[in-house]
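Below: the structure, in structure tokens.
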Amino acid sequence: MDITEIDGFDNLHHPEGILKESMEHAAEIYRSDKTYYLVNGSTCGILAAISSAVPDGKKLLMARNSHKSAYHAAMLNRIETEYIYPEIIEGFGIQGGIEPKELRRILAEDGENTIGAVFLTSPTYEGIVSDVKQLAEIVHEKGIPLIVDEAHGAHFGFHPYFPENANTKGADVVIHSLHKTLPALTQTALIHLNGTRIDRRKIRNYLHIFQTSSPSYVLL
Numbered sequence: 093m094d095i096t097e098i099d100g101f102d103n104l105h106h107p108e109g110i111l112k113e114s115m116e117h118a119a120e121i122y123r124s125d126k127t128y129y130l131v132n133g134s135t136c137g138i139l140a141a142i143s144s145a146v147p148d149g150k151k152l153l154m155a156r157n158s159h160k161s162a163y164h165a166a167m168l169n170r171i172e173t174e175y176i177y178p179e180i181i182e183g184f185g186i187q188g189g190i191e192p193k194e195l196r197r198i199l200a201e202d203g204e205n206t207i208g209a210v211f212l213t214s215p216t217y218e219g220i221v222s223d224v225k226q227l228a229e230i231v232h233e234k235g236i237p238l239i240v241d242e243a244h245g246a247h248f249g250f251h252p253y254f255p256e257n258a259n260t261k262g263a264d265v266v267i268h269s270l271h272k273t274l275p276a277l278t279q280t281a282l283i284h285l286n287g288t289r290i291d292r293r294k295i296r297n298y299l300h301i302f303q304t305s306s307p308s309y310v311l312l
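If you read the sequence shown in this note's numbering, its first letter stands for residue 93, the second for the next number, and so on.
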């Protein structure tokens with residue numbers, strides 16, 4: 093079944109046929125401008141997003157409860173980081189969401205505009221969802237992009253019980269792990285691109301770097 097790059101089955105790194113059509117359909121479903129399949133998990137999407145979104149010499153403002161791949165992206169690109177801490181939910185001993193007023197304070201104090209992008213996780217591993225819509229509005233006031241690691245929210249928007257996904261709330265880049273909450277194989281994920289605050293060509297180039305050059309068609 094692993095028929096990667098055989099004639100008629102398209103090429104993930106140069107999609108022109110059924111993979112291109114399938115990813116366009118995924119973008120429609122998730123209401124994003126552009127969607128790419130990931131076969132190296134959300135890790136690869138986070139690496140590509142941060143590598144692309146933070147200009148040289150700028151800092152990354154990241155939630156302190158970010159996935160280790162976000163720290164790896166900062167390390168690989170020698171990006172200086174600044175942290176925003178999520179609220180603590182007393183009585184449960186878990187981290188909650190990112191407070192909009194705290195984000196506004198940090199960005200307001202960045203008078204020299206040293207922060208080039210903002211990265212946060214919503215939902216958290218415990219299922220806490222931040223107010224992404226309000227956070228995106230605050231970030232966009234500074235003219236910079238918001239990257240949302242929504243790995244555990246790939247099911248968002250498919251039932252009224254759940255919130256809408258971050259694509260509909262103003263996030264510039266959204267990463268979903270399909271295998272975490274939907275019936276998909278491990279390592280299958282999506283990266284969604286929205287708006288013009290991020291360079292789509294750069295993200296595509298970084299995906300070529302961080303994705304295997306021989307993606308498994310079983311995963312695709």
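By construction, the Cβ of each residue, glycine as well, lies at the ideal position given by its N, Cα and C atoms.
### Message
I want to check one thing, is the minimum distance from the CB of L238 to the heavy atoms of the ligand HEM below 7 angstroms?
### Response
Judged by which ligands are present, the structure shown has none, so any question about the ligand HEM falls away.
### DSSP beta-bridge partners of Y128
I283
### Query
Cα separation between A281 and K112?
16 angstroms
### Message
Determine whether the beta carbon atoms of Y129 and L104 lie at a separation below 8 angstroms.
### Response
yes
#### Entry: Close-in-space but distant-in-sequence residues of the same chain around L199 (CB under 6 angstroms, 5 per side omitted)
K234
### Message
According to DSSP, simplified to helix, strand and coil, what is Q226?
### Response
helix
### Query
Relative to the C-alpha of V131, which residue among I290, K294 and A276 is closest?
A276
### Query
On the premise that A243 lies in contact with L152, defined as a C-beta separation below 8 angstroms, what is that separation, rounded to the nearest angstrom?
Contact flag wrong, Cβ pair sits at about 18 angstroms.
#### Entry: Enclosing alpha helix (DSSP H) for Y122 [first to last residue]
I110 to Y122
### Query
Between the Cα of L238 and the Cα atoms of K261, S308 and T127, which residue gives the shortest distance?
K261
### Message
Quick check on the burial criterion: 16 or more other C-beta atoms within 10 angstroms. Buried or exposed for P147?
### Response
exposed
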